[in-house]
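K.L.:
Numbering-wise (full-length UniProt numbering), the sequence shown opens with residue 1 and increments by one.
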Amino acid sequence: MPTFQIYGVTFHWRNDKWYATYDKRKIEIEEAVSVFEDPYRLTDIDSRFDYDEMRMATVGLSNKGRLLTVAWVEIDEYNITIITAFKAGHNQAEDYYAYRQI
């Protein structure tokens, strides 16, 4: 299971999800986690589907300059599991750049 740690928080990514995301989108865990360092990141509840857990979605610029959406679950204050990461959609990009203008 790939893991990455910043600010005392360990980010975990299940092997099957990580391999699928990397194969399809070429997003490494370090790049996905880097959106949490973006001071303009936007985080909201991921309500795209009816999940059996509280999933969150964060949109932010990665360390490679790509605007990404990262879906994740907080296990506890020191552990986060990343579900997936993908290029931010049109509406997410509009919201993000509008927020940066404020």
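From the three backbone atoms N, C-alpha and C, an ideal C-beta is built for every residue, glycine too.
#1: Closest by CA to residue 6, which one among 37, 23, 86 and 20?
#2: Relative to the alpha-carbon of residue 30, which residue among 3, 44, 52 and 100 has its alpha-carbon at the smallest distance?
#3: Can you tell which of 76, 99 and 58 has the C-alpha that lies nearest to the C-alpha of residue 87?
#4: Output needed for residue 84: all residues of its chain with C-beta closer than 7 angstroms, excluding positions within five of it in sequence on either side, in chain order.
#5: Reducing DSSP to helix, strand and coil, say where residue 82 ends up.
#6: Going by other Cβ atoms of all chains shown within 10 Å of its Cβ, with 16 needed for buried, is residue 98 buried or exposed?
#7: Name the residue from 77, 67, 44 and 19 whose alpha carbon lies nearest to the alpha carbon of residue 55.
P.N.:
Judging by the given coordinates:
#1: Here residue 6 refers to the residue found at position 6 when the sequence shown is read from its first residue. Closest by alpha carbon: 37.
#2: Sequence index remark: in the sequence shown, residue 30 carries index 30 (1-based). Answer by Cα proximity: 3.
#3: Your numbering for residue 87 matches position 87 in the sequence shown. Out of 76, 99 and 58, 58 has the C-alpha closest to the C-alpha of residue 87.
#4: For this step, residue 84 is matched to residue 84 along the sequence shown. 17, 21 and 71.
#5: Position 82 of the sequence shown, counted from the first residue, corresponds to residue 82. It is a strand residue.
#6: The count along the sequence shown starts at 1 and reaches residue 98 at position 98. By the 16-neighbour rule on beta-carbons within 10 angstroms, residue 98 is exposed.
#7: Numbered from 1 along the sequence shown, position 55 holds the residue referred to as residue 55. For the residues 77, 67, 44 and 19, the minimum Cα distance to residue 55 belongs to 44.
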